[in-house]
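Residue numbers (full-length UniProt numbering): 1 to 399.
As structure tokens, the structure follows; a few thoughts come after it.
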């Protein structure tokens with residue numbers, strides 16, 4: 001199924017908002033969406049939510065032969081699955097260009113950065129070694145899959161535990177988790193991807209783009225970095241040119257974001273560890289919302305409203321004084337129009353349209369007296385005829 005394009009009105013509206021330093025979801029240009037990290041019951045299973053973008057990462061291991069070029073190292077393999085469940089434009093069993101780009105970037109971020117000690121995965125040099133496999137499943141696509149997938153992958157690797165192995169002569173024994181405590185992977189640092197999108201020939205820049213913002217972007221830059229300010233990978237796509245100052249500014253922003261996200265990962269790992277030690281409830285249970293009507297409501301966001309003044313301070317002060325005078329005169333005029341004029345007891349007049357009368361319906365006696373007093377009384381008119389002896393009385397009926 002082809003990707004649904006944006007209409008011209010939507011495209012122009014999004015670009016106009018970006019030019020005014022505003023975003024559709026109320027964030028500023030450098031803000032991330034809410035990040036939630038949860039681990040499954042099994043070790044090495046991690047679910048990450050970045051706004052409405054959801055990614056599930058699962059780490060597994062098996063014993064195999066090491067590569068001939070690196071007989072003393074283990075093997076790390078990264079696989080990305082993008083099914084139509086995440087987005088109708090994704091095809092089942094066939095990776096799109098976005099899927100290929102995601103797989104290559106994840107391999108470069110995890111492998112070439114040497115974040116994990118592959119030599120510690122060797123069992124027997126040249127014969128047996130651990131093969132670590134990271135399967136990344138995109139559950140929902142709402143923009144910026146790269147950042148969400150990198151958080152899920154490195155969190156799953158840090159959460160995973162492999163079985164312990166002992167070698168006696170030519171005998172290799174793999175112990176079960178009940179026999180011996182599983183061994184965590186040796187991870188030196190946590191490389192994370194931070195995506196930047198550019199608009200208007202690099203004039204405007206956004207962090208953590210949404211799906212609609214990605215459709216109108218002119219270019220994209222992805223920086224892989226750890227909290228030690230070490231750049232692990234860098235990729236620029238799109239038909240645009242960036243200045244050196246822009247790249248340096250993006251790298252400084254990436255350091256701040258990576259530091260915050262790394263602390264979130266450590267906190268999530270510590271919470272899961274304490275829950276397992278205490279025997280408390282853990283896993284994906286916290287992600288399941290209760291049966292409430294408002295469980296999926298849109299969170300309230302504070303939208304900053306900035307007022308720009310194009311005129312000078314003097315002109316601005318004079319205009320503010322005139323505006324205040326006009327507002328005062330308008331308020332006074334409105335109060336005069338809304339003035340209540342008391343005509344009699346219980347009778348008043350507000351504006352035009354004649355007087356209005358209020359009665360108390362709580363008391364039946366007062367209500368009856370009011371009905372009697374308001375009852376129409378006939379008027380007697382005496383007409384004098386030509387003869388003084390005869391007098392006529394005419395009763396004017398209200399009907």
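All residues carry an ideal CB built from backbone N, CA and C; glycine is no exception.
| Query | Result |
| --- | --- |
| The region 9-27 contacting the region 205-214, beta-carbon criterion three pairs below 8 Å | yes |
| Distance between beta carbons of residue 190 and residue 44, contact taken as under 8 Å | Going by Cβ atoms, the distance from residue 44 to residue 190 rounds to 16 Å, so no, they are not a contact pair. |
| Stretch-stretch touch, CB-based, cutoff 8 Å, three pairs: the region 164-172 with the region 89-96 | no |
| Residue nearest to residue 51 in terms of C-alpha spacing, selected from 71, 143 and 81 | 143 |
| Same chain only: Cβ atoms within 6 Å of residue 195, ignoring 5 sequence neighbours per side | 144, 146, 147 and 222 |
| CB contact flag (residue 72, residue 153, <8 Å) | no |
| Contacting residues, own chain, Cβ-Cβ under 7 Å from residue 76 (five flanking each side not counted) | 110, 111, 116, 118 and 132 |
| Which of helix, strand or coil DSSP assigns to residue 104 | helix |
| Rounded separation between residue 103 and residue 150 - CA only | 11 Å |
| Collapsed DSSP secondary structure at residue 160 in the structure displayed | coil |
| Residue 87 to residue 62 span [Cα, whole Å] | 32 Å |
| Where residue 226 falls: helix, strand or coil (DSSP) | coil |
| From 230, 108, 207 and 225, residue whose alpha carbon lies closest to that of residue 219 | 207 |
| Pair within 8 Å by beta-carbon distance, residue 139 and residue 85 | yes |
| Spatial distance of residue 106 from residue 113 (CA atoms) | 10 Å |
| Member of 120, 55 and 31 whose CA lies at the smallest distance from the CA of residue 401 | A query on residue 401 cannot be resolved here, the shown segment of the chain reaching from 1 to 399 and no further. |
| Contact set for residue 137: own chain, Cβ-Cβ below 6 Å, skip 5 residues either direction | 56 and 81 |
| Boundaries of the beta strand (DSSP E) in which residue 114 is found, first to last residue | No beta strand (DSSP E) holds residue 114; DSSP gives it neither H nor E. |
| Which listed residue (7, 257, 79 and 41) has its alpha carbon closest to that of residue 224 | 257 |
| 8 Å Cβ cutoff met for residue 403 and residue 283 | One cannot answer for residue 403 here, as it falls past the ends of the chain, which runs 1 to 399. |
| Counted within 10 angstroms of its Cβ, other Cβ atoms place residue 277 as buried (16 or more) or exposed | exposed |
| Assigned secondary structure, residue 348 (DSSP; H/G/I helix, E/B strand, else coil) | strand |
| Bounding residues of the beta strand (DSSP E) (the contiguous stretch that carries residue 404) | Nothing can be reported for residue 404, as the shown portion of the chain is limited to 1 through 399. |
| Residues bridged to residue 60 [DSSP beta-bridge criterion] | 133 |
| Residue nearest to residue 237 in terms of C-alpha spacing, selected from 141, 230, 201 and 248 | 201 |
| Cut-off 7 Å between Cβ atoms - residues of its own chain near residue 92, not counting five sequence neighbours on either side | 83 and 84 |
| Residue 260 and residue 157 closer than 8 Å at C-beta | no |
| Closest by C-alpha distance to residue 79, when choosing among 65, 108 and 275 | 108 |
| Pairwise C-alpha distance: residue 280 and residue 273 | 10 Å |
| Coil, strand or helix - residue 52 by DSSP | coil |
| 8 Å Cβ cutoff met for residue 182 and residue 163 | yes |
| Selection from 166, 141, 155 and 101 that minimises the alpha carbon distance to residue 128 | 166 |
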